[in-house]
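K.L.:
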Amino acid sequence: MNDLFLRTATGLILIILALAASLKGGNVFAFAAAAAATAMFYEWTRIARGWGLGWAVGGFFYALVAALALLWVRDRADQGFELVLWVFIVTWSTDVGAYFAGRSLGRTKLAPTISPNKTVAGLYGGMAAAALFAGAWALYAKLDATLLVLAPLFALAAQGGDLFESWMKRRAGVKDSGNWLPGHGGLLDRLDGLVPVAVLTALAVLAGVA
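Structural data, given as structure tokens:
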């Protein structure tokens, strides 16, 4: 099966599940966030096996803080559902924009010793896509105008999260965090960019700038 088709099909299923859970909110969204955090922590411990207790503790808080940030934004912030969707759109559009810009325009490697496939063009493509799509959603949903500026900046943070997980996998000598998502690998491979975006969005709301 074509790899792009497989990635797309799996990605659409994940998007539908995420949207359904966030729309429902309450215990459904809490359960989904807890399940995702548990899977992320499990995959983290597999990658960092033998690296010491500090890495295990770090992985626990890495997964926990991201889940709590999403739950807090959804249930406590004004327009919580719309903000959670904004978090998703920033993350998803960053991935898609980076993928296509990197494949079509990528020449200069971004971090060849960490992730040889990532390019500078992909970095800018992801930021541009997030600015466009997350910005459009912010305007449509009448979210705070500051999010128009934060979208490309948070897209940069998302790609930093991606690079961090790539560094972990390279150190561990593994290709993916798992193998149960066809065309994607593990759940951590898909949510590594979501973690910083969720946390930064919660902090922006707490600071009153979003």
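Quick note: the sequence shown uses the numbering used here, first residue 733, plus one each step. Idealized CB from N, CA, C, for every residue including glycine.
1) Taking the continuous alpha helix (DSSP H) assigned at S836, which residues delimit it?
2) DSSP three-state call for L913: helix, strand or coil?
3) Starting from P884, trace the alpha helix (DSSP H) in both directions and tell me its first and last residue.
4) Count the C-beta pairs between the region 759 to 769 and the region 787 to 801 that are closer than 8 Å, then say yes if the count reaches three, no if not.
5) Is the beta carbon of A853 sitting closer than 9 Å to the one on S836?
6) Opposite A843 in the DSSP bridges: which residues?
7) Name the residue from V937, W912, A934 and F896 whose alpha carbon lies nearest to the alpha carbon of D924.
8) Can the beta-carbon of P928 be found closer than 9 Å to that of F886?
9) Could you check whether the region 865 to 878 touches the region 820 to 839, counting it as contact only if at least three pairs of C-beta atoms, one from each stretch, sit closer than 8 Å?
10) Could you tell me the distance, in whole angstroms, from the CA atom of A762 to the CA atom of L815?
P.N.:
Answer, in terms of the structure:
1) Within the sequence shown, residue 836 is the residue found at index 104, counting from 1. Run containing S836: G812 to L837, per the alpha helix (DSSP H) assignment.
2) By one-based count along the sequence shown, residue 913 stands at place 181. Note: L913 maps to strand in three-state DSSP.
3) Here residue 884 corresponds to residue number 152 of the sequence shown, with the count starting at 1. Note, P884: alpha helix (DSSP H), T878 to A904.
4) yes
5) Numbered from 1 along the sequence shown, position 121 holds the residue referred to as residue 853. Numbered from 1 along the sequence shown, position 104 holds the residue referred to as residue 836. Taking a C-beta distance under 9 Å as the contact criterion, A853 and S836 qualify as a contact pair.
6) Counted from its first residue, the sequence shown places residue 843 at position 111. A843 is bridged to S847.
7) The count along the sequence shown starts at 1 and reaches residue 924 at position 192. If we check each option's Cα against that of D924, F896 comes out closest.
8) Along the sequence shown, one-based indexing puts residue 928 at 196. Along the sequence shown, one-based indexing puts residue 886 at 154. Cβ atoms of P928 and F886: closer than 9 Å.
9) yes
10) Translated into positions along the sequence shown, residue 762 becomes position 30. Translated into positions along the sequence shown, residue 815 becomes position 83. Going from the Cα of A762 to the Cα of L815 covers about 16 Å.
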